[in-house]
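Numbering (the numbering used here), first residue to last: 1 to 264.
Report on one structure; see the data block that follows.
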């Protein structure tokens, strides 16, 4: 196997729980030409590697291992990483394993305290979202209704009207057919996101100003000890990559330039 090399010209894009790489399409188009996007499917999600029920590691740790495997297959040691929600936590875990050149976390999951009301609230939202997605997956024509799209997407985006019918159908399909989400609903260990002990790369956490999923200080407590840059992005929901891909692309470019010592 050839030695792994850093890829400073690439940015690894990590989607959230129950989503897929398609959510980054708008961001990919808005990135500077000097940055090449690398969108992957997280293990346990539609089209990706399956999670093992018998493995000694939890589902989230299997996801991190699979991301490292994908980087190894591409011959990449370290890369710039941007992640949303679950993808934000995974980005921090990659940085903890020294696989990141820089990190941008968008509304990262995992900041709640284990067993807290916040964790229970997130789990209850998983249950409701999965139940609705399974029903709509059998009747995708219903998503042609702007009212129904608004009800489905309202919890995760600031402006549901900005998401078209085809993307709404993809959103429902990914959510309905998500092994990781099913596991997180049924087994508490499958939704336990280990505390991040350190970050091995320059990191920015960007919180969403209109986040209805991670909707309180409880969602941020687990990251306060990291002493990384934290900012708030107004007028975006839990999936800012759908609400304002241009702003997200600018945040990625700024984080990469800063990490490279190029300034703004």
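Cβ atoms here follow ideal geometry from the backbone N, Cα and C, with glycine treated the same way.
This one's a predicted model, so the numbers in the text were calculated from it and none came from an experiment.
Proximity winner among the options, relative to residue i (alpha-carbon distances)
| i | options | result |
| --- | --- | --- |
| residue 91 | 194, 59, 218, 14 | 14 |
| residue 226 | 75, 204, 32 | 204 |
| residue 129 | 158, 186, 172 | 172 |
| residue 121 | 149, 191, 54 | 191 |
| residue 155 | 167, 212, 261 | 212 |
| residue 12 | 19, 28, 3, 175 | 28 |
| residue 206 | 52, 49, 234, 179 | 234 |
| residue 19 | 214, 153, 46 | 46 |
| residue 261 | 44, 4, 2, 8 | 8 |
| residue 315 | 164, 74, 49, 151 | The shown model of the chain, from 1 to 264, leaves out residue 315, and the question about it has no answer. |
| residue 170 | 181, 253, 147, 136 | 136 |
Beta-carbon proximity list for residue i, same chain, < 6 Å, skipping 5 on both sides
| i | result |
| --- | --- |
| residue 95 | 103, 199, 200, 201 |
| residue 149 | 143, 160, 168 |
| residue 255 | 102, 104, 204 |
| residue 229 | 204 |
| residue 81 | 12, 91, 94, 100, 103 |
Range covered by the beta strand (DSSP E) that runs through residue i
| i | result |
| --- | --- |
| residue 233 | 229 to 233 |
| residue 212 | Counting along the chain, residue 212 falls outside any beta strand (DSSP E), and DSSP gives it neither H nor E. |
| residue 7 | 5 to 14 |
Residue i - DSSP class collapsed to helix/strand/coil
| i | result |
| --- | --- |
| residue 24 | helix |
| residue 257 | helix |
| residue 64 | helix |
| residue 34 | coil |
| residue 83 | strand |
| residue 176 | helix |
| residue 102 | strand |
| residue 77 | strand |
| residue 39 | strand |
| residue 264 | Low confidence applies to residue 264: its pLDDT is 46, below 50, so where it sits in the model is not reliable, and the reading given next is rough at best. Note: residue 264 maps to coil in three-state DSSP. |
| residue 168 | helix |
Beta-carbon proximity list for residue i, same chain, < 8 Å, skipping 5 on both sides
| i | result |
| --- | --- |
| residue 276 | Past the boundaries of the shown model lies residue 276; the chain is included only from 1 to 264, so the question cannot be answered. |
| residue 57 | 65 |
| residue 37 | 10, 11, 13, 24, 27, 28, 31 |
| residue 68 | 94, 97, 99 |
N-terminal and C-terminal residue of the alpha helix (DSSP H) that residue i is part of
| i | result |
| --- | --- |
| residue 89 | 86 to 96 |
| residue 109 | Run containing residue 109: none; DSSP gives neither H nor E here. |
| residue 131 | 117 to 137 |
| residue 150 | 146 to 153 |
| residue 243 | 240 to 243 |
Residue i classed as buried or exposed, judged by whether at least 16 other C-beta atoms fall within 10 angstroms
| i | result |
| --- | --- |
| residue 6 | exposed |
| residue 55 | exposed |
| residue 187 | exposed |
| residue 216 | exposed |
| residue 240 | buried |
| residue 78 | buried |
| residue 72 | exposed |
| residue 85 | buried |
| residue 189 | exposed |
| residue 259 | buried |
Sequence-distant residues of its chain with Cβ nearer than 7 Å to residue i (five each side left out)
| i | result |
| --- | --- |
| residue 237 | 156, 157, 158, 208, 210, 211, 212, 243 |
| residue 193 | 60, 89, 109, 110 |
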